[in-house]
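Those letters in the sequence shown? Residues 28 to 241, by this note's numbering. Backbone N, C-alpha and C fix where the C-beta goes; we use that ideal spot for every residue, glycine too. The structure under discussion appears below in the form of structure tokens.
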Amino acid sequence: MKNIVDFKQHKVTGTEQVKPQINSIDSEAERYMNIVLNELRAIFPAWRNAIKNQAEFDNVRKVWTKALLENGIVDMATVEKGLSEAREYNSDFFPSVGKFISWCRSDDFQGCFDRFMSSSKPRNQFEKLIFTDATHANVKRKAIGDDERAFKRIFDKWVKRFSSGDIPQEVPALPPKSVVMPTDIIRERTGNPSPNQFRKNSIFSRVAQLGQGS
């Protein structure tokens, strides 16, 4: 029987070739997934509660292959991080694919944060969800230190959701840029703006008054 070690020198087909249809996953990718799933069955002795027969195993293999490809888990070094976390996990029961993906990403926070701050494109569905939330939260406009802490809260939120198997099928488009108000621009340049700089009783005038504690 093939051992997981035999998989170390291979890379699964990249996400660029993956289509939404399940039949776009080729037999080679599924063959590699057999090795990963067999390793997990050896780690979790109660795996039969989740996979009762060959038909269920075939379905799990397709679901896992599709999910890992869509989320950029394409090389064995990343998969082995997940397997290492699995060996430390205090349970006999087979994990969900979302939990396994979160194990594979357990130490990827810094890389994800750096890619967001440098305006790199998200690598996969997981990063796109995080980048979308971080953009809406104006993380890049926060002070140094605060930006990383805010990003970490968003990152941890999505790790937790993936761990529970809550993987959205639709990913919202990234906004073209962060929402910036006129009061934000003036405050950035000169400190808190004066209400007199805006039309009397306008929304921006009232926001400026709040900023001065009025």
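Nearest residue (CA-CA) to residue i, options the options
| i | options | result |
| --- | --- | --- |
| N98 | D183, K167, P149 | P149 |
| N165 | A69, F178, E154 | F178 |
| A104 | V87, V63, R142 | V63 |
| S145 | F153, Q152, F158, N151 | F158 |
| S118 | K155, L95, I70 | I70 |
| F189 | R176, D173, K126, R68 | K126 |
Between the CA atoms of residue j and residue i - distance to the nearest angstrom
| i | j | result |
| --- | --- | --- |
| A56 | V90 | 12 Å |
| N61 | E83 | 13 Å |
| F182 | F136 | 7 Å |
| K155 | P195 | 11 Å |
| V186 | C131 | 10 Å |
| P209 | D174 | Because the pLDDT of P209 is 48, which lies under 50, any placement of that residue in the model is unreliable, and the number read from its coordinates should be weighed accordingly. Those two C-alpha atoms are separated by around 21 Å. |
| N50 | Y116 | Residue confidence for N50 is low, a pLDDT of 36 falling below 50, so the modelled location carries little weight; the figure read from the coordinates is stated next. Rounded to whole angstroms, N50 to Y116 spans 32 Å at the Cα level. |
Buried versus exposed call for residue i [16 or more other C-beta atoms within 10 Å across all chains shown]
| i | result |
| --- | --- |
| S191 | exposed |
| Q81 | exposed |
| P122 | buried |
Residue range of the unbroken alpha helix (DSSP H) whose run includes residue i
| i | result |
| --- | --- |
| S190 | 173-190 |
| G125 | 124-131 |
| F136 | 136-144 |
Pair within 7 Å by beta-carbon distance, residue i and residue j
| i | j | result |
| --- | --- | --- |
| A170 | F143 | no |
Within-7 Å CB hit, residue i to chain B
| i | result |
| --- | --- |
| F189 | Looking at the structure shown, chain B is missing, and only one protein chain is on hand. |
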